[in-house]
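Shown next, in structure tokens, is the structure this report addresses.
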Ligand code: SF4
Ligand code: SF4
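Residue numbers (the UniProt record's numbering), protein chains in the order written: chain A, 1 to 430; chain B, 1 to 247.
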């Protein structure tokens, strides 16, 4: 497996999508190496990971081809940057929803030709992908739906609109009753915008279908995360993170099925006492800002230092799947209200106050059997950075080992992070 | 016998212990191939149990059969050995500075390390001394003797250097600039300590602790006396040697 693995290339397809093929050609070999090094070098991985390995091998080819064909067959593609944008409604209207967050250092220089340097690397990476024409997903979308969560994002959308049609939905920053009504209106606007481009009207049945499909995907991830919490762990943290990342670009029905197949295998593993690390391995939970593909930096450092990551309290993690939408609505209006209620439960640090998140982190800490929390903050993300103060206080009050780190995608601080992570593990071990 | 070796960014330190007493300690420049230097130093003690720490610890592990611990644990062990009541360790080395908080029985409760920026490290002080034409010793003395100072506002080593240059061009005497740089570093380190913990029985380790002017300013900023080991630069190596005894 290890030697045969390769991230595939398809210059013809890329050409058709208007990419900078010459530049992009270097990407698949780089990703191949990184993937072999970080993922395929692990021992005793679950066999059903092979589907997700394939998803990586086909990330720039097979899956793009699939999306592109569907698009030509009349399914518009909508790109998003936030788990607050309701993908249920895209599915209901017969479109495809793709997460476009950027997790690569390679596109940052492209972005910095235009954007200021001192903003979040996730925003820069995504913007750079579009400007440099070096992301097939960005090239295949019909429109992008941004939001007003943080300053870096909402102001970048104004510039992104020059390269790809970019709509923006207003996300409230508080959770009062009137904020909920504002948000419901935004949801309705979103539905209309999606319907305009898919040229359909999503009725009650269609919306019910969309909700069911995405609920099923989130439920599969919930099941996987619960199994993953078992000690000794049947699956590594980096494999779980990878699956959480793939959730944002795979076809939802197939994805849910494959996650359940993996869950079945993990149940067997647990029954047979098969694990990826002994019970004595320090268990670390990660909280904070999302890690978009191919950002595996922190997980790799933690697991290389001899610990295992047992939970991601993150948007590419539990914030994406912890809540489902009530499926028992009687009419369309009620469906949209229940959808809105579900989304209002997302505890992103862009909200104030946001004490629900502190409670949620503590709850996940208990559930995952973690022995310490590493809070991960992307550089220049002010909301998560400031919220770390409260998180630290909450952890210290309960004697939970806690460390917050602020970093970006550049490799220059890996040595220092290794030291800090190792020292944190020494602290846990006592 | 137990040997601790600390592979830092500028120097390599070893401490050899026998029956709890320090038998030998050495400090050499890291050079371009630190692991060769280190292996040579270890050649003096062929049968010792060895623990490595510092930036080069992983590199050492590839070349020799030994255990490793982080600088944080090493400094905590070393400081606690020298000062059994120690609850806070401030270590300022060549490339980073850290604050470690210990529980009553010496366990690490929390720690903090400087972020990507170099201000408040040994390297920073060296750069500033160099740009003023001092060696490190003169730098500290000049700072102590100066009567006045100006605020250095920049938190970044690169910008601080350009601030220093513009002060020079304004005709500010070098001693005064030296004093200003020391005060800026002291207040930065004090803030780092205060953010991590209440400082009682604070032990200051690492080569920078040899700078008496800085120690005095830090004491004033924190309002507590600071304990400085006789040879602050070998505390990490000492901690590693002590760990070799319990592994
Ligand atoms: S962290 Fe906040 S802004 Fe970012 S994806 Fe999550 S909910 Fe959206
Ligand atoms: S991590 Fe923070 S700064 Fe970056 S996009 Fe998300 S909310 Fe904005």
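Glycine included, every Cβ here is placed at the ideal spot set by N, Cα and C.
Point to revise | Cut-off 8 angstroms between Cβ atoms - residues of its own chain near residue 78 (chain A), not counting five sequence neighbours on either side | key: Answer for residue 78 (chain A): 90, 95, 96, 97, 98, 141, 142, 143, 144, 145, 194, 197, listed in chain order.
Check your understanding: Any heavy atom of ligand 1 closer than 7 angstroms to the CB of residue 86 (chain A)?
Key -> Every heavy atom of ligand 1 is 7 angstroms or more from the Cβ of residue 86 (chain A), so no.
Check your understanding: Listed from N- to C-terminal order along the chain, which residues in the segment 12 to 45 of chain B have their beta-carbon within a distance smaller than 7 angstroms of any beta-carbon of chain A?
Key -> Considering only beta carbons, no part of the segment 12 to 45 of chain B lies closer than 7 angstroms to chain A.
Practice item. Please state whether DSSP places residue 236 (chain A) in a helix, a strand or coil. Key: Three-state result, residue 236 (chain A): coil.
Check your understanding: Quick one: any contact between the segment 257 to 268 of chain A and the segment 284 to 302 of chain A, if contact means 3 or more CB pairs under 8 angstroms?
Key -> Result no; under three Cβ-Cβ pairs closer than 8 angstroms.
Review point. Is it the case that the CB of residue 55 (chain A) approaches a heavy atom of ligand 2 more closely than 7 angstroms?
Key: Not under cutoff, so the answer is no.
Check your understanding: How many Å lie between residue 243 (chain B) and residue 66 (chain B) at the Cα?
Key -> One alpha carbon belongs to residue 243 (chain B), the other to residue 66 (chain B), and they sit about 12 angstroms apart.
Review point. When burial is assigned at 16 or more other CB atoms within 10 Å of the CB, is residue 27 (chain A) buried or exposed?
Key: By the neighbour-count rule (16 or more Cβ atoms within 10 Å), residue 27 (chain A) is buried.
Practice item. Might you give, ordered along the chain, the residues of its own chain that have their beta carbon closer than 6 angstroms to the beta carbon of residue 83 (chain B), omitting 5 neighbours on each side? Key: Excluding the 5 residues flanking it on each side, residue 83 (chain B) has same chain C-beta neighbours closer than 6 angstroms at 203, 227, in chain order.
Point to revise | Cβ of residue 71 (chain B) within 8 angstroms of any chain A Cβ | key: With 8 angstroms as the cut-off, residue 71 (chain B) counts as an interface residue toward chain A.
Review point. Nearest to residue 417 (chain A) by alpha carbon, out of A:200, A:129, A:334, A:376?
Key: Closest by C-alpha distance to residue 417 (chain A), out of A:200, A:129, A:334, A:376, is A:376.
Review point. If the cut is a Cβ gap below 9 angstroms, which residues of chain A does residue 111 (chain B) touch?
Key: Going along chain A in sequence order, the residues near residue 111 (chain B) (Cβ under 9 angstroms) are 403, 420, 423, 424, 427.
Review point. When every heavy atom of ligand 2 is checked, does at least one fall within less than 7 angstroms of the C-beta of residue 149 (chain A)?
Key: A distance criterion of 7 angstroms places the beta-carbon of residue 149 (chain A) in contact range of ligand 2, judged by its closest non-hydrogen atom.
Check your understanding: Taking only beta-carbon atoms, is residue 123 (chain B) less than 8 angstroms away from chain A?
Key -> Judged by the 8 angstroms Cβ criterion, residue 123 (chain B) is not in contact with chain A.
Check your understanding: Rounded C-beta distance between residue 13 (chain A) and residue 67 (chain A)? I'm assuming under 8 angstroms.
Key -> Not quite, the Cβ-Cβ distance comes to about 11 angstroms (not below 8 angstroms), so this is no contact.
**Study point:** Alpha-carbon spacing of residue 141 (chain B) relative to residue 233 (chain A), whole angstroms
**Key:** Going by the C-alpha atoms only, they are around 58 angstroms apart.
**Study point:** Boundaries (first-last residue) of the beta strand (DSSP E) holding residue 373 (chain A)
**Key:** The continuous beta strand (DSSP E) containing residue 373 (chain A) extends over residues 372 to 378.
Review point. Beta strand (DSSP E) containing residue 169 (chain A): first to last residue?
Key: For residue 169 (chain A), the enclosing beta strand (DSSP E) stretches over residues 166 to 169.
Review point. The beta strand (DSSP E) spanning residue 97 (chain A) covers which residue range?
Key: Residue 97 (chain A) -> beta strand (DSSP E) spans 96 to 99.
Exercise for review: Mind listing the chain A neighbours of residue 107 (chain B)? Cutoff is C-beta to C-beta under 7 angstroms, in chain order.
Suggested key: Under the 7 angstroms cutoff, chain A gives 430.
Check your understanding: What residues from the segment 103 to 117 of chain A come within 7 angstroms of chain B, judged by C-beta to C-beta, listed N to C?
Key -> Cβ contacts with chain B come from no residue of the segment 103 to 117 of chain A.
**Study point:** Residues near residue 183 (chain B) in its chain [Cβ-Cβ closer than 7 angstroms; skip 5 each side]
**Key:** Here the set comprises 149, 217.
Point to revise | chain A contact residues for residue 134 (chain B), given Cβ-Cβ distances below 9 angstroms | key: By Cβ distance, chain A contributes nothing, its closest Cβ being about 29 angstroms from residue 134 (chain B), past 9 angstroms.
Check your understanding: Are the segment 263 to 279 of chain A and the segment 355 to 372 of chain A touching, with three or more C-beta to C-beta distances below 8 angstroms?
Key -> Contact between the segment 263 to 279 of chain A and the segment 355 to 372 of chain A is absent, because fewer than three Cβ pairs lie under 8 angstroms.
Point to revise | Limits of the unbroken beta strand (DSSP E) element including residue 52 (chain B) | key: Going by DSSP, residue 52 (chain B) is part of the beta strand (DSSP E) stretching over 49 to 53.
Check your understanding: Between residue 147 (chain A) and residue 325 (chain A), is the Cβ-Cβ spacing less than 8 angstroms?
Key -> No. Outside cutoff.
Exercise for review: Quick one: give me the first and last residue of the alpha helix (DSSP H) that residue 204 (chain A) is part of.
Suggested key: Going by DSSP, residue 204 (chain A) is part of the alpha helix (DSSP H) stretching over 204 to 228.
**Study point:** residue 87 (chain B) to residue 222 (chain B) span [Cα, whole Å]
**Key:** Taking the straight line from one Cα to the other gives about 15 angstroms.
Exercise for review: Step through the CB atoms of chain B and report whether any lies within less than 8 angstroms of the CB of residue 415 (chain A).
Suggested key: Residue 415 (chain A) counts as touching chain B.
Exercise for review: Would you identify the three-state DSSP class for residue 122 (chain B), choosing helix, strand or coil?
Suggested key: Of the three classes helix, strand and coil, the one that applies to residue 122 (chain B) here is helix, per DSSP.
Check your understanding: Three-state secondary structure (DSSP) at residue 13 (chain B)?
Key -> Strand at residue 13 (chain B).
Practice item. Could you tell me whether any Cβ in chain A is nearer than 8 angstroms to the Cβ of residue 96 (chain B)? Key: Yes, residue 96 (chain B) lies at the interface with chain A (some Cβ there is under 8 angstroms from its Cβ).
**Study point:** Span of the alpha helix (DSSP H) around residue 49 (chain A)
**Key:** Per DSSP, residue 49 (chain A) belongs to no alpha helix (DSSP H) and is neither H nor E.
Review point. Is residue 67 (chain B) helix, strand or coil by DSSP?
Key: Reduced to three states, the DSSP call for residue 67 (chain B) is strand.
Exercise for review: Give me whichever residues DSSP pairs with residue 25 (chain B) in a beta bridge.
Suggested key: Per DSSP, B:15.
Check your understanding: DSSP three-state call for residue 223 (chain B): helix, strand or coil?
Key -> Of the three classes helix, strand and coil, the one that applies to residue 223 (chain B) here is coil, per DSSP.
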